[in-house]
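Here the structure comes first, spelled out in structure tokens, and everything after it is commentary.
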């Protein structure tokens, strides 16, 4: 049954049902003019053509509040997997960074053996944006990493992790033991190409995603929602078996659970539908014990936003930088974006140029003027200042935003900065984040750009 609720609109449609299928109520968001509403469509999925991916359900995490919320989801997660496994679905456990612990596990070896045929381009890479996301505004500032612990609790938790012999910043080594892995049936992989090979070799037509964290790994991993959707896979997210990394001290300055609601609504509008866990396992959906709000599962228009909330980094087009309020009275605002450069493109020099750039930083490293360049204000992009792979880098520029600039007046001054490599170029002429006043700490991020920055400011220098 399809039920669309938008104002007074309601349209039902009846679908069939069989004994070896999931009957799901897929929830999405649609927009008609200025009105936004949710739709619910009842669909039937063949269990044997369905896979469940368990994203980054680790044994430990650096945020104790994130651990608490995960522990509340674990029983329902495992129950959903048990039901799916018994129904004939494929289970893929994807605890990123933990493959060495499973090197000899039958489920890991099974994943490695899946034949890699006709792999999509960039399937092994992190995915920072889908085409549809160009239409939306990302709802959360997660550039601080999203950790929402109280400082004293966080310090004590870090001490406990160190006492356990763990890196308190990256403490995970295994999947959480609360999730059963069937060594005779399941798969273990954190590689996008392996996961895609599993899906295709098992003739999977649709994927159910569970795990954490919604606004980071669930979205962006090589096996995450963006990659699957971009490559034509039918996907749903189980909305009560996921959780965000969002700190209420960051924009839009709302409680953590309302932040979850904003992120779920964003996904339902721009990425994929969501379902609830009880539609699979027949039990009760998860409700976080610390979520004491009278009304839950809110639409963006229902989330109470603080008045006059400061936005530390504004969003603007490149042309809008020079008229942005942050530029008024500030001759040197900072602007930033995320920039992906595949490592194979460093076979020759890669440079950044624009006559308005005064200074530039890549992942916090000052960029030097490029030698032998005829274009003014040209900076060299050093491979040593990237992550050594094709992950997105944070590019921060100090620009001359004065109305009458002393920079040379050349045609390029009216367009965005250019990044040129040995085999191609990309104009950074779309959207940027802007801040003023600023300090040196704003020239980098506390975590990689792929986790921190919104899709609106993502650019890539494509391979030929």
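In the working numbering, the protein residues as written are 86 to 549. Ideal placement from N, C-alpha and C gives every residue a C-beta, glycine not left out.
What's the call for residue 500, buried or exposed, on a 16-neighbour Cβ count within 10 Å?
-> Residue 500 should be labelled exposed.
Apart from the five residues on each side of it in sequence, which residues of its chain come closer than 6 Å, Cβ to Cβ, to residue 344?
-> 225, 329 and 331
Mark residue 353 as exposed unless 16 or more other C-beta atoms lie within 10 angstroms of its C-beta, in which case mark it buried.
-> buried
Go ahead and pull the three-state DSSP assignment for residue 201.
-> It is coil, neither helix nor strand.
Residues bridged to residue 464 by DSSP?
-> 437 and 454
Do the segment 279-288 and the segment 194-207 make contact, defined as three or more Cβ pairs closer than 8 Å?
-> Touching, yes, given that three or more Cβ pairs across the two stretches are closer than 8 Å.
With a threshold of 16 other CB atoms inside 10 Å of the CB of residue 412, please say whether the residue is buried or exposed.
-> It is buried - the Cβ of residue 412 has at least 16 other Cβ atoms within 10 Å.
Which of helix, strand or coil DSSP assigns to residue 544 | strand
Bounding residues of the beta strand (DSSP E) (the contiguous stretch that carries residue 136) = 135-140
So what does DSSP say about residue 310, is it helix, strand or coil?
-> helix
Simplified DSSP state of residue 511, which is helix, strand or coil = strand
Report yes if the CB atom of residue 142 is closer than 7 Å to the CB atom of residue 316, and no otherwise.
-> no
Look at the alpha carbon of residue 521 and the alpha carbon of residue 347, and state the distance between them as a whole number of angstroms.
-> 27 Å
Nearest-angstrom Cα distance between residue 229 and residue 194?
-> Distance between the alpha carbons of residue 229 and residue 194 is about 37 Å.
Using the C-alpha atoms, what's the distance from residue 185 back to residue 400?
-> 41 Å
Could you tell me which of 165, 541, 384 and 209 sits nearest to residue 423, measuring between CA atoms?
-> Minimum Cα distance to residue 423 is reached at 541.
Would you give the residue range spanned by the alpha helix (DSSP H) that residue 348 belongs to?
-> 341-355
Check whether residue 358 and residue 123 have beta carbons under 7 Å apart | no
Exposed or buried, what is residue 105 when buried is set at 16 or more other beta-carbons lying within 10 Å of its beta-carbon?
-> Per the 10 Å Cβ criterion, exposed.
Run of the alpha helix (DSSP H) containing residue 58, from where it starts to where it stops = No information on residue 58 is available, as it lies outside the stretch 86 to 549 that the chain covers here.
Span separating the alpha-carbon of residue 121 from that of residue 351 = Straight-line Cα distance between these residues: approximately 12 Å.
Residue 133: which of 263, 221 and 285 sits nearest, CA to CA?
-> 285
7 Å Cβ cutoff met for residue 355 and residue 214 = no
Length of the line joining the Cα atoms of residue 392 and residue 338 | 10 Å
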